[in-house]
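Top to bottom, those sequences are chains A and B. Number 960 in our numbering belongs to position 25 of the first sequence; there are no gaps in the numbering. Number 30 in our numbering belongs to position 13 of the second sequence; there are no gaps in the numbering.
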Amino acid sequence: MSAHLSTEEALRYHRQVTLAEIGEQGQEKLKHARVFLAGLGGLGSVSALYLAAAGVGHLHVVDRDRVELENLNRQLLHFTGDIGKRKAESAANKLDALNPHCRVTAVHETITMENGDRLVGDAQLIVDGTDNVETRRILNRISLRKGIPFVLGGVDGMTGMVTLFVPGRTPCFECLFPDRPSAKGPPGVLGPLPGIIGSIQALVAIKFLVGLTHGLLESRLLYVDGIRLNFKTIKLGKNAQCPVCGGNFNPESSSHA
Amino acid sequence: MPEDNSSIEVIINGFKETVPKGASISELILNYDEVDAAMIVERNGRFVYPRDYPTTQAQPGDVLEFIHPDFGG
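Spelled out as structure tokens, the structure:
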């Protein structure tokens, strides 16, 4: 047993600590990790559950919405009895019950350019559970300004996408999407799709936090097609004309863990 | 339309298509009515940045995917 993990913790995390890729050292890193998770809907529900269950020490979650009945086909952190509650509160209750070793700070607030730096604080990683481009642009700017990697996720209908943006090493969100998409209503979505994407985001986050930097979806966009049940990655090159980061990065640099 | 000196064959969204030789990504997008400001264009496994659409010409055998990005959560 590790001197730093209690007997209860050692047993709780036993099945992952036995992995050579994690080990006690990796578990210690998770225990001291600080993650900012924006959005507690379909994506954020699942990534939050896995991050808390894995033993991330501090999970800082933010959502501005309240639980609605139509959320419940996919937002697994929220139950029927939570309808009308703040998602932040509903999430904190479930995550505390799942793993009391994970310190959850839950905030009911809209993320803006003004409060974003404060909300993200000293997190090591930003995980995207949002449902709109505007908030992702804000997260992207914060990620670049603070030098914090940003795990993007998104779903629409039967498809989804994931990538990891690392300032100084990869393109940024606005390299890929400089234009605002045409306005549409909320997309239809089948629950397992955000489940898959949120799970992959959590996997990327855990790998990053324990220092498994190989195969992190850097400069690769993973695209999941739930119709054809096909996964593929699209290689991302430089966008030297990006108005936000200027495409100024070096994939070989070692600016992160 | 069979391929001749003025046209080439490419794959677009999984289907073989004959398109004019020298056609740019911009022209193909218009041709296939795939207009969305935030679309993803994948060419032979690589992401094509929007600013490169007008200057990127389709080559014979190119595999192109026009993908609507997913911004829901």
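Quick reminder that beta carbons are idealized off the backbone N, C-alpha and C, glycines included. Note that the structure is a prediction, hence the values are computed from the model and not measured.
**Report entry** Assumed close pair V970/A, V1062/A - CB separation to whole angstroms, cut-off 8 Å
**Finding:** Here the question's residue 970/A lines up with position 35 in the first sequence. Here the question's residue 1062/A lines up with position 127 in the first sequence. Confirmed, Cβ separation roughly 6 Å.
Query raised in the report: Quick one: does K1170/A have its CB under 8 Å from some CB of chain B?
Result: The residue labelled residue 1170/A in the question sits at position 235 within the first sequence. By this cut-off, K1170/A is an interface position.
Query raised in the report: What do you get for D998/A, buried or exposed, if any count of 16 or more other CB atoms within 10 angstroms of its CB means buried?
Result: To locate residue 998/A, count along the first sequence from 1; it is residue 63. So D998/A counts as buried.
Query raised in the report: Quick one: what does DSSP say S937/A is sitting in, helix, strand or coil?
Result: For the purposes of this step, residue 937/A is taken as residue 2 along the first sequence, with counting starting at 1. Here the model assigns S937/A a pLDDT of 49, short of 50, so the residue's position is not dependable and the matter cannot be decided.
Report task. For the segment 989–1004 of chain A and the segment 1045–1057 of chain A, state whether three or more C-beta atom pairs, one from each stretch, are separated by less than 8 Å. Result -> yes
Requested in this report: Would you mind working out which of L1151/A, K966/A and K1167/A sits nearest T1105/A, comparing C-alpha positions?
Outcome: Residue mapping note: residue 1105/A aligns to position 170 of the first sequence, counting from 1. The shortest Cα separation from T1105/A among L1151/A, K966/A and K1167/A belongs to L1151/A.
Query raised in the report: Counting Cβ pairs, one atom from each stretch, are 3 or more of them under 8 Å apart for the segment 60–80 of chain B and the segment 26–34 of chain B?
Result: yes
Query raised in the report: If you count every other CB in all the chains shown that lies within 10 Å of the CB of C1180/A, and 16 or more means buried, which is it?
Result: Sequence index remark: in the first sequence, residue 1180/A carries index 245 (1-based). It is buried - the Cβ of C1180/A has at least 16 other Cβ atoms within 10 Å.
Query raised in the report: Do you know how far the Cα of G1103/A is from the Cα of N1183/A?
Result: Here residue 1183/A is taken as the residue at index 248 of the first sequence, counted from 1. Here residue 1103/A is taken as the residue at index 168 of the first sequence, counted from 1. The alpha-carbon atoms of N1183/A and G1103/A are separated by roughly 7 Å.
Query raised in the report: Using 8 Å as the limit for Cβ to Cβ distance, is M936/A near chain B?
Result: The sequence position of residue 936/A within the first sequence is 1, counting from 1. Note that M936/A scores 43 on pLDDT, short of 50, meaning its location in the model is unreliable and no value can be drawn from it.
Query raised in the report: Beta carbon of L972/A, beta carbon of S982/A: below 8 Å?
Result: What you label residue 972/A is simply residue 37 of the first sequence in a count that begins at 1. What you label residue 982/A is simply residue 47 of the first sequence in a count that begins at 1. Cβ atoms of L972/A and S982/A: closer than 8 Å.
Query raised in the report: Near G1051/A, which residues of its chain fall below 7 Å by C-beta distance, leaving aside the five closest residues on each side in sequence?
Result: Taking the first sequence and counting its residues from 1, the one referred to as residue 1051/A is at position 116. Only I1073 and I1077 meet the Cβ criterion.
Query raised in the report: So, does the CB of D79/B fall closer than 8 Å to a CB anywhere in chain A?
Result: Residue mapping note: residue 79/B aligns to position 62 of the second sequence, counting from 1. For D79/B, the answer is no, since every Cβ of chain A falls outside 8 Å of its Cβ.
Query raised in the report: Does any C-beta atom of chain A lie closer than 8 Å to the C-beta of A55/B?
Result: For this step, residue 55/B is matched to residue 38 along the second sequence. Yes, A55/B counts as interfacial toward chain A.
Query - Residue from V1159/A, S1154/A and I1162/A whose Cα sits closest to the Cα of K1173/A - result: Against the first sequence, residue 1173/A aligns to sequence position 238. Nearest of V1159/A, S1154/A and I1162/A to K1173/A, Cα basis: S1154/A.
**Report entry** Residue from V1086/A, E1069/A and T1065/A whose Cα sits closest to the Cα of A1058/A
**Finding:** For this step, residue 1058/A is matched to residue 123 along the first sequence. Of the listed residues, the one whose Cα sits closest to A1058/A is V1086/A.
Query raised in the report: Of the residues that make up the segment 1037–1070 of chain A, which ones have a beta carbon closer than 7 Å to any beta carbon in chain B?
Result: G1064, T1065, D1066, N1067 and V1068
Report task. Check S1188/A in the structure and name its three-state DSSP category. Result -> In the first sequence, counting from the first residue as 1, residue 1188/A sits at position 253. In this structure, S1188/A counts as coil in the three-state DSSP scheme.
Query - For M1096/A, the residue or residues it bridges with in DSSP - result: Stepping through the first sequence from its first residue, residue 1096/A is reached at position 161. Answer by DSSP bridge pairing, in chain order: G1089/A and Y1158/A.
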